[in-house]
Every structure is written in structure tokens, then in C-alpha cells.
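One structure below.
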Amino acid sequence: MLNPDGEAGSSKDISPMVPPEAMAEALTETLPPVLPTALPNSGSLERNLRKWSGWIGPVISLAILAAVLWQLRKIDWAQVWSIVPTSPLIWLVLAASYFAGPVADWVIFRKLWGIPVSGIFPLLKKLIGNELLLGYVGEVYFYDWARRHVKMEGSPFGAVKDVAILSALAGNIMTVLLLIFTWPIISQLGLDGGGAGDSHVLATSIGVVLVTSLVIMFFRNGLLSLPKAELAFVFVVHTLRIVANTGLSALAWHLILPSVGMGSWLLFATVRLLLSRLPLIPNKDIAFAGISTLLVGSQVQTSDMIAMISLLIVATHVVLFIGLMLLDLVQKEKNA
């Protein structure tokens, strides 16, 4: 396990909490999918959301609360406390990495709708909902919040949808660019699975990423509703978020395991992002182990570090959501 000062020790304490085979899931849990799983008719979906608008927010909040309570039951808080980093700089970098997504969303919706500073709170719930429940549950929650709290012309549905689609598009384009720059590393990892039937799986995964990106670009007039200038702004913010998260992850890992150079961690973070976004790749946990050995040279230390950060993120989700719920209760009491 990683001790609070960042030195490597025994891994027996943390391995039962986050087993090695879950390493790939732990690494990828905060990354958006290649493309929203479905793009149904916007009008019919919005009508359904408006029909159930009185229930959407409370139901999702209760579902997130249930997920939080379930995670609370599973977390060994003594273990969490034992692995908490003591360096303020590590905490600062981890916090910046955690809040990068919600802050980027706030910048986007501040530009689109002029949401107040307090709009960061529902965006944090959006993040936690996506992490602890299902992808895009958070978007539904935020749509419901915006419809009830933000004064705007028309419905917020189109903007929320466009922001989610452009997030996927930015991730896809970054995936293709990273693949070009890291191909010498990727080609050494044996991602085709070794079987004759899997010989083209990497090419197929890349094809899926390219096709979904082309679908968005060619059919953007039907899929996207925001003006071109605002679409460009959203895309740039999402791209900067991806770059920032990758760099912050590498910096956090370097601070925890300073014996490994920052350049190696940057390459590790880049390849990790790339593999996380490529669908159809088999045995991603084995691939991540290969990356660790190839780039960092210590699979055990890296696995323990990733497990530690994953556990801290889950604990942060739990504590933060409980705090947001208490803040909501206090606000309701003031407004009563």
C-alpha cells in the first residue's frame, strides 16, 4: 500500500478493497463514453422529461443518495484515513483534478445561460450521479434543475444535449490525435488479444471512434441546436478539460511516486486516456498492467497508487453529496 507520505509499502491493505482486476475500471471511471448511448428524437424525449418534471429531480436525488449510502457501507474509513496523503500539494492537485469537470461545465453554462456561482452545486451532483449511478443520469438531473432555476428563452434540453455530444466529440478527436503520437507504445501492448479472430479489433475500435465522430460532424445541423460560435466555445472548453485532467493526473502520480519522472507519467496518463476511450479492446486490465510495466517499471506500486486514488475519489463523492444534501436542507429552511 502507499503510505500517507507517498512511499511504497505493503499492498495487502488496499488490494481487498480494489482488486487488481478492477484497475482498468478504476482508471476509466471518470472518463466520458465515446458517444451518448442513444440520440432519440429530441422533441419526444423532451416532452417525456417535461411530463415527469415534478419527479425527475427528487427521484434522481434519492437514487444518488441510495448509491452514496451503499458506497458508505462498503468504505473502510480507517483505511481511507491511513492512506490520506500528507502533502498539501498532492491534495491541491487531486482537488483540481476532481473539480476540473464541474468547473468546465460551469464555465460552459455560465456562457450559455449566465448561471450563478451557486450553479456549481447541481453540476457537482451531476458528476456524482454519473459516477455512482449511470452515465448521463447527471445530465437529466441538471436539465431538470436548469428548467426550474434558470431564466432563459426556450428549453434547456438542447443546450444540455449539445454539451454532452460535444464532450464525446472532443474526447474522440483527442483519442485519434493521441493514437497518432503514442502508436509506438500502443503497438507494443498486444491489444489485439492474440487470437486470429481478434487481429483487427484495434482497427475496429478506431473505426468506431472515427465513425461516431463523422456522424456528429456530418449531421450536426440535425443533432446540435446551439449557434456555431457557442458550439466552438463548448468544444474548446471540453478539449482544455481533457488536457488539464490528463496533466493533473500525471502530476498527482509524480508527486505520490516521485521516483518516476514526470515525462513517464505524462505518457502513462496519455496512453491510459487513449485506451479508456477505445471500445472493443479486450483485457483492458492486462493492457494497463502492461503500460505500467513498460512506462513506469513498477506494476505493484502503480496498482496500489491507483487503488488509493480510486478509494479517495469514492470517499469524496460520498462526503460531498451528503454535504450538498445538508446545504439543500438549510436553504429550504431559510426559504420557508
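full-length UniProt numbering applies: residue 1 is where the sequence shown begins, and numbers increase by one.
C-beta: ideal position from N, C-alpha, C; glycine also.
Reduced DSSP secondary structure (H/G/I, E/B, other) of residue i
i    : result
L262 : Reading off the sequence, residue 262 comes out as Met, not Leu. Helix, per DSSP.
K332 : helix
F235 : helix
F288 : helix
P279 : coil
P58  : helix
G138 : helix
L133 : coil
F219 : coil
Q301 : helix
H254 : helix
H200 : coil
V296 : helix
E230 : helix
K161 : helix
P156 : coil
L124 : helix
V150 : coil
L224 : coil
S167 : helix
S213 : helix
A26  : Low confidence applies to A26: its pLDDT is 43, below 50, so where it sits in the model is not reliable enough to give any reading.
S205 : helix
G247 : helix
S310 : helix
F321 : helix
Pairwise C-alpha distance: residue j and residue i
i           : j    : result
A100        : H238 : 10 Å
residue 342 : A96  : The first residue shown for the chain is 1 and the last is 336, placing residue 342 beyond what the model contains.
K125        : L231 : 24 Å
S82         : S292 : 24 Å
L251        : G261 : 10 Å
S310        : D304 : 10 Å
A67         : W265 : 32 Å
I180        : K332 : 52 Å
M152        : R220 : 23 Å
S205        : V211 : 10 Å
residue 343 : G171 : Residue 343 lies beyond the range of the chain shown here (1 to 336); nothing can be said about it.
L275        : F288 : 8 Å
A24         : I281 : Annotation note: pLDDT 41 at A24 (below 50); position unreliable, coordinate value reported separately. Their Cα atoms are separated by approximately 12 Å.
K255        : L294 : Note that residue 255 corresponds to Leu in the displayed sequence, not to Lys. Between L255 and L294, the C-alpha separation is close to 20 Å.
H317        : L273 : 22 Å
P227        : F157 : 15 Å
M217        : L223 : 9 Å
Y98         : L248 : 10 Å
V271        : H149 : 40 Å
G114        : S87  : 37 Å
L72         : A164 : 29 Å
A146        : L214 : 30 Å
A229        : V319 : 38 Å
A315        : V330 : 23 Å
V93         : L312 : 13 Å
L169        : V236 : 11 Å
residue 411 : L324 : Residue numbering for the chain in the displayed model covers 1 to 336; residue 411 lies beyond these limits and cannot be assessed.
A244        : P58  : 33 Å
I75         : L69  : 10 Å
V173        : K334 : In the sequence under discussion, the amino acid at residue 173 is Ile, which differs from the Val named in the question. Going from the Cα of I173 to the Cα of K334 covers about 46 Å.
Residue i vs residue j beta-carbon contact at 8 Å
i    : j    : result
F121 : L327 : yes
V140 : I60  : yes
G135 : L127 : no
L123 : D144 : no
I175 : V209 : Sequence check: residue 175 is Thr here, not Ile. Cβ distance < 8 Å, so T175 and V209 count as in contact.
A159 : L202 : no
V296 : I108 : no
T302 : A269 : no
P85  : W91  : yes
S118 : D162 : no
Cutoff 8 Å: residue i Cβ touching any chain C Cβ
i    : result
I306 : In the structure shown, chain C cannot be found, because there is only a single protein chain.
Review point. Could you give the uninterrupted runs of the alpha helix (DSSP H) lying entirely in the segment 70 to 121, keeping only those of 4 residues or more?
Key: 77 to 83, 88 to 113
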